[in-house]
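As given, the protein sequences belong to chains A and B, one line each in that order. Take the first sequence: its letter number 140 is residue 129 in our numbering, and every next letter is one higher. Whatever position you read off the second sequence (first residue = 1), add 1 for our numbering. Reading through the structure tokens given below for one structure.
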Amino acid sequence: MQVAEHDVLVIGAGGAGLRAAIEASAAGASVGLVTKSLLGKAHTVMAEGGIAAALANVDGRDDWRTHFADTMRGGQYVNNPTMAELHAKESPDRVRELEAWGAVFDRTNDQKILQRNFGGHKYPRLAHVGDRTGLEMIRTLQDHGIHLGIDVHMEWTVTRLIVDGGRVVGAFGYDREKGRFQLFRASAVVLATGGIGRAYRITSNSWEYTGDGHALAYEAGAELIDMEYVQFHPTGMVWPPSVRGILVTEGVRGEGGVLRNSEGQRFMFDDIPDLYRGSTAADPEEGWRYTQGDKEARRPPELLTRDHVARCIVREIKEGRGSPHGGVFLDISWIREKLKDSEAHIRRKLPSMYHQFKELAGIDITSEAMEVGPTTHYVMGGVRVDGETQMSRVPGLFAAGECAGGLHGANRLGGNSLSDLLVFGKRAGEHAAMFAGAHPRDGASGAENEQVEAATRDALAPLERQDGGGNGVGSYAIQSELQDLMQAKVGIVRSQAELESGLEGVLALKERAESVSVAGNRAYNPGWHTALDLPNLLLVSEAVARAAALRQESRGAHFREDYTGKDEHWGRTTLVVRKGADGAMEIEEEAVTPPRDELQQIIEENR
Amino acid sequence: MASRTFRIWRGEQEGEGGFAEYTTDITEGMVVLDAVHQIQAESAGDLAVRWNCKAGKCGSCSAEVNGNPRLMCMTRMSDLPEDRPVTIEPMRTFPLLKDLVTDVSWNFEVKKRIRKFKPREPDAEDGTWRMAQVDVDRVQEFRKCIECFLCQDVCHVLRDSHKHDEFIGPRFFVHAAALEMHPLDTEDRLEELKEAQGVGYCNITKCCTKVCPEHITITDNAIIPLKERVVDRFYDPVRNLFRIIGGR
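Rendered as structure tokens:
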């Protein structure tokens, strides 16, 4: 078997993984970067709206305190306060650093980085490039990183972490091209694998988002938190069927786009949560002024947090006021009443949305309304890490970005993801390099051999179960059933009975997945790859269903139709998922860490 | 629901393999990539294909559809003629790995050879720069590139003449142009563009521009200006005279 040796192994090459690799490399560590896809194709590339950072370029009143308070309010106060603080304080430097590495953000009139409005952010805060900010970010990191001597393992997938003496010492994986196996020995491992969106039928996520990092960490003995909080982005495409779920950026609403039902009503004005009543526009006119930079105006209700907007859309559809293809209308074309040359304006501000609707749906968004509905977008839950170092409870194992939990609490604000990747990717890389410096690699060991053998066996099993050319249980079929199940039972609106039957369904699929067989050989075989991703997808689905069934209240992205209100006990409680001694999944209630006094005061001042 | 026939290239080695026929049902709005996925799930579990975003943003699913270099995720079935099968082949300019997947690693190696961004000293005391929107518009056009490598696929210098060792291809001229025209950049790449990177090989047939899914005007806005800069530097007689006199 091939062996690769690195001080720091980073798994995942989206924004967090690249940023971690850059930092670890800059600290002098030898770095390996493993990515399931080609470099630069990770989901970060899909991010549209922008990077949230209190640069105060557009509104001088902004500062880290306001960003911190906005993040905590958006997360319904169950966020990890240390992470929320560091994130708000450090994201401006991380954005400026991108400019020093060649990123070209849109500019203000006084030639600084332009910032735009977004849901839940009090001031215009998102540094952006039209609606392709993620592409700009990943390309900047990629182009900077390739000159640093990082070893990039493209199209490799890690299926298991190697643990020895209670500490992570490497990973086992296969390459897509030939199905070769490799052992990656490392003194520290950073997980940056993104989310779990492929567990759902309607999703903005690609094939890669199968909860790999969550599952790898769990199996290695780390804990997962907040798994009940899955974000459904309010605006995904709904038609044609084949593009259902593809993201429509919140930037459309930031630029003045409005939501309407089939009766032409702006229904978002009908239900404004108490937490946001004082900061929401009284009428459409005030909302429009806000989107155009009027500092006295308050934000339109379309820019309320994603959880709330998604539920309002579901309500409209359920009550029969939806659009022809089961969504609602999102209209930016109406701004022609307000702006001269609105067509060119829309194309300049939202070029990829224009492109996407024109080519995939035959809709011209400068003159017609879009049809949109909620789509699975992001998981707030993830590996429990130390807020400063990003290390999990397994020494040497770090996590950053979407696969880490804590920063976003019960609901993530738009724009806080890209900044999360930068801030905590950097921190994870820095601390992983430091850890690696203090823990030199050992050579082969009995524990390593044993785990590598087991991992090899597991990886080959679906091929060896070949039953007359893969006529047994198919990997695509199980994945597809899981997606329908999670969508129906563990979706946006939840209830005890559905969650319990959802969990039962997941457990039944888990059993069937053990006899999955695939046709073909080990060379670039997507059926095999899907089979190897399945255990991860099933594991995170089980965690989401279990945690959601326990939390008998509604908070942020977790909405229970049988417990519609917030509950004081649950407001103080975090659900922690880990592998029990008997191998079964266990969940424990733990107290939420309260913010220290200074931070609590900032929260109070910004209520 | 109409059923359509596909001829998809299957094979694991250069020079071996052939087209296999598949039939699958097509529903309204489907793109070619959807059909490939459906075929994968129904009857060809090990059919190799790259994809990620399915929205024209990541540039993974490049292939030749009915002979045209396209992103499969942005090619609607309704735009293809219904009276014949849909033919899907891998990009021809790169070595075949399997089925629709090619070895594009050469592109990643080429990029490493282009000198990286080197900004001038910051303009403000807080370490930041000032740039006007009008001065970054052109660079932003280049930075829309999603690295699908379709421009590399159709460039005859690579596709037919195989000058992979002497010529970096349209994608990387766009990359170099984005760096050269970046208002903050101070690096000099002209000598390398002229020599090792072979900008002179491009004879402006604009095939690359025609296939760019991001509609970047590759030839006019990136390659021609780079050629002009090279000419100004190395072939301008007045400047040459100064160079001789100045001993440079």
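We put the beta carbon where it would ideally sit given N, CA and C, even for glycine. Predicted, not measured: the structure shown is a model, and the values here were computed from it.
| said: Please identify the residue among B:K145, B:R172, B:A36 and B:I219 whose C-alpha is closest to the C-alpha of V66 of chain B. | reply: The sequence position of residue 66 of chain B within the second sequence is 65, counting from 1. When only C-alpha atoms are compared, the closest one is B:A36.
| Pick from B:Q41, B:C213, B:E29 and B:V33: whose alpha carbon is nearest that of Y513 of chain A? | Numbered from 1 along the first sequence, position 524 holds the residue referred to as residue 513 of chain A. Cα-wise, what sits closest to Y513 of chain A is B:Q41.
| task | Would you verify that the beta carbon of W228 of chain A is, or is not, closer than 8 Å to some beta carbon of chain B? | result | As a working note, residue 228 of chain A is residue 239 in the first sequence. Taking Cβ atoms only, chain B reaches closer than 8 Å to W228 of chain A, which makes this a yes.
| field | Own chain partners of E15 of chain B with C-beta closer than 7 Å, once the 5 adjacent residues on each side are dropped | value | Reading the second sequence from its first residue, position 14 is the one you call residue 15 of chain B. Excluding residues within five positions, the ones whose Cβ falls inside 7 Å are P96 and L97.
| Does the beta carbon of E15 of chain B come closer than 8 Å to any beta carbon on chain A? | To locate residue 15 of chain B, count along the second sequence from 1; it is residue 14. By this cut-off, E15 of chain B is not an interface position.
| request: Mind listing the chain A neighbours of C54 of chain B? Cutoff is C-beta to C-beta under 7 Å, in chain order. | output: In the second sequence, counting from the first residue as 1, residue 54 of chain B sits at position 53. Correct list: V34, M35 and S195.
| query | Using a Cβ-Cβ distance under 8 Å, would E29 of chain B count as near chain A? | reply | Position 28 of the second sequence, counting from 1, holds the residue named residue 29 of chain B. Chain A, which has a Cβ nearer than 8 Å to the Cβ of E29 of chain B, makes this yes.
| said: Cβ closer than 7 Å: which chain B residues qualify as neighbours of S26 of chain A? | reply: Taking the first residue of the first sequence as position 1, residue 26 of chain A is located at position 37. The answer, in chain order, is N53 and S61.
| message | Considering Cα atoms alone, identify which of A:L410, A:Q379, A:A508 and A:E305 is closest to G463 of chain A. | response | As a working note, residue 463 of chain A is residue 474 in the first sequence. Cα-wise, what sits closest to G463 of chain A is A:A508.
| message | Just verifying my parser: in three-state terms, what is the DSSP assignment at D551 of chain A? | response | Numbered from 1 along the first sequence, position 562 holds the residue referred to as residue 551 of chain A. The answer is coil: DSSP assigns D551 of chain A none of H, G, I, E or B.
| For D186 of chain B: DSSP bridge partner residues | Numbered from its first residue, the second sequence carries residue 186 of chain B at position 185. B:P120, per the DSSP bridge assignment.
| query | Shorter than 8 Å from the beta carbon of E391 of chain A to some beta carbon of chain B? | reply | Position 402 of the first sequence, counted from the first residue, corresponds to residue 391 of chain A. Not one chain B Cβ lies under 8 Å of E391 of chain A.
| query | Where does L328 of chain A fall in DSSP's three states? | reply | Your numbering for residue 328 of chain A matches position 339 in the first sequence. Collapsing the DSSP output to three states places L328 of chain A in coil.
| said: Short of 6 Å in beta carbon distance, which residues of its chain neighbour Q541 of chain A, apart from the five on each side in sequence? Order them along the chain. | reply: Numbered from its first residue, the first sequence carries residue 541 of chain A at position 552. The answer, listed in chain order, is Y552.
| query | To which residues does DSSP link Q(-9) of chain A through a beta bridge? | reply | Translated into the one-based positions of the first sequence, residue -9 of chain A becomes position 2. Answer is A:Q171.
| query | CA-CA distance, E13 of chain B and K99 of chain B? | reply | What you label residue 13 of chain B is simply residue 12 of the second sequence in a count that begins at 1. What you label residue 99 of chain B is simply residue 98 of the second sequence in a count that begins at 1. Distance between the alpha carbons of E13 of chain B and K99 of chain B is about 4 Å.
| message | If I measure Cβ to Cβ from V212 of chain B and keep anything under 7 Å in the same chain, skipping five residues before and after, which residues do I get? | response | Locating residue 212 of chain B in the second sequence gives position 211, counting from the first residue. Closer than 7 Å at Cβ, skipping near neighbours: P70, L151, C152 and V155.
| said: Quick check: is the beta carbon of A417 of chain A nearer than 8 Å to any beta carbon in chain B? | reply: Reading the first sequence from its first residue, position 428 is the one you call residue 417 of chain A. Output row for A417 of chain A: interface = no.
| query | Can you tell me where the alpha helix (DSSP H) with Q590 of chain A in it begins and where it stops? | reply | Residue 590 of chain A sits at position 601 when you count from the first residue of the first sequence. Run containing Q590 of chain A: D586 to E594, per the alpha helix (DSSP H) assignment.
| query | How about N341 of chain A: is its C-beta nearer than 8 Å to some C-beta of chain B? | reply | Mapped onto the first sequence, residue 341 of chain A falls at position 352. According to the sequence provided, residue 341 of chain A is Ser. The question's Asn does not apply to it. It does; some Cβ of chain B falls within 8 Å.
| message | Give me the chain A residues within the contact set of L48 of chain B, using Cβ-Cβ distance strictly less than 8 Å, ordered along the chain. | response | Here residue 48 of chain B is taken as the residue at index 47 of the second sequence, counted from 1. Within 8 Å Cβ-Cβ: P515.
| request: Leaving out five residues on either side along the sequence, give the residues of the same chain with a beta carbon under 6 Å from the beta carbon of R144 of chain B. | output: Reading the second sequence from its first residue, position 143 is the one you call residue 144 of chain B. Excluding residues within five positions, the ones whose Cβ falls inside 6 Å are A179.
| query | Which residues does DSSP pair with I56 of chain A in a beta bridge? | reply | The count along the first sequence starts at 1 and reaches residue 56 of chain A at position 67. The residue you asked about is not Ile; residue 56 of chain A is His in the sequence shown. BP columns for H56 of chain A are empty, so no partner.
| query | When the cut-off is 8 Å and only beta carbons count, does I135 of chain A lie next to chain B? | reply | For the purposes of this step, residue 135 of chain A is taken as the residue at position 146 of the first sequence. Judged by the 8 Å Cβ criterion, I135 of chain A is in contact with chain B.
| Along the segment 264 to 278 of chain A, what residues have a CB closer than 7 Å to any CB found in chain B? | none
| task | Count the other C-beta atoms from every protein chain shown that fall within 10 angstroms of the C-beta of R373 of chain A, then say buried if there are 16 or more, exposed otherwise. | result | The residue you call residue 373 of chain A lines up with position 384 of the first sequence. Flag for R373 of chain A reads buried.
| query | Going by Cα to Cα distance, which pick from B:I219, B:E22 and B:W130 is closest to R85 of chain B? | reply | Working through the second sequence from its first residue, we reach residue 85 of chain B at position 84. Among B:I219, B:E22 and B:W130, the Cα nearest to that of R85 of chain B belongs to B:E22.
| field | Span separating the alpha-carbon of G134 of chain A from that of L28 of chain A | value | Walking along the first sequence from the start, residue 134 of chain A turns up at place 145. Walking along the first sequence from the start, residue 28 of chain A turns up at place 39. Their backbone Cα atoms lie some 11 Å apart in a straight line.
| Exposed or buried, T206 of chain B, counting other C-beta atoms within 10 Å across all chains shown (16 or more means buried)? | By 1-based counting over the second sequence, the position of residue 206 of chain B is 205. Answer is exposed; the Cβ neighbour count stays below 16.
| query | What's the call for Q198 of chain B, buried or exposed, on a 16-neighbour Cβ count within 10 Å? | reply | Numbered from 1 along the second sequence, position 197 holds the residue referred to as residue 198 of chain B. It is buried - the Cβ of Q198 of chain B has at least 16 other Cβ atoms within 10 Å.
| query | Is the segment 381 to 392 of chain A touching the segment 174 to 184 of chain A in the sense that three or more CB pairs, one from each, lie closer than 8 Å? | reply | yes
| message | According to DSSP, simplified to helix, strand and coil, what is Q104 of chain A? | response | Taking the first sequence and counting its residues from 1, the one referred to as residue 104 of chain A is at position 115. Q104 of chain A: strand per DSSP, three-state reduction.
| query | Are the C-beta of W130 of chain B and some C-beta of chain A separated by less than 8 Å? | reply | By one-based count along the second sequence, residue 130 of chain B stands at place 129. By this cut-off, W130 of chain B is an interface position.
| With a Cβ-Cβ cutoff of 8 Å, do V111 of chain B and C146 of chain B count as a contact? | Here residue 111 of chain B refers to the residue found at position 110 of the second sequence. Here residue 146 of chain B refers to the residue found at position 145 of the second sequence. Cβ distance not < 8 Å, so V111 of chain B and C146 of chain B don't count as in contact.
| query | Which class does A440 of chain A belong to by DSSP, given the choice of helix, strand or coil? | reply | In the first sequence, the residue the question calls residue 440 of chain A occupies position 451. In the sequence as presented, Ala is not what sits at residue 440 of chain A; that position holds Gln. Looking at Q440 of chain A - three-state DSSP - the assignment turns out to be helix.
| task | Look at the alpha carbon of E12 of chain A and the alpha carbon of G21 of chain A, and state the distance between them as a whole number of angstroms. | result | To locate residue 12 of chain A, count along the first sequence from 1; it is residue 23. To locate residue 21 of chain A, count along the first sequence from 1; it is residue 32. The straight-line gap from Cα to Cα measures roughly 12 Å.
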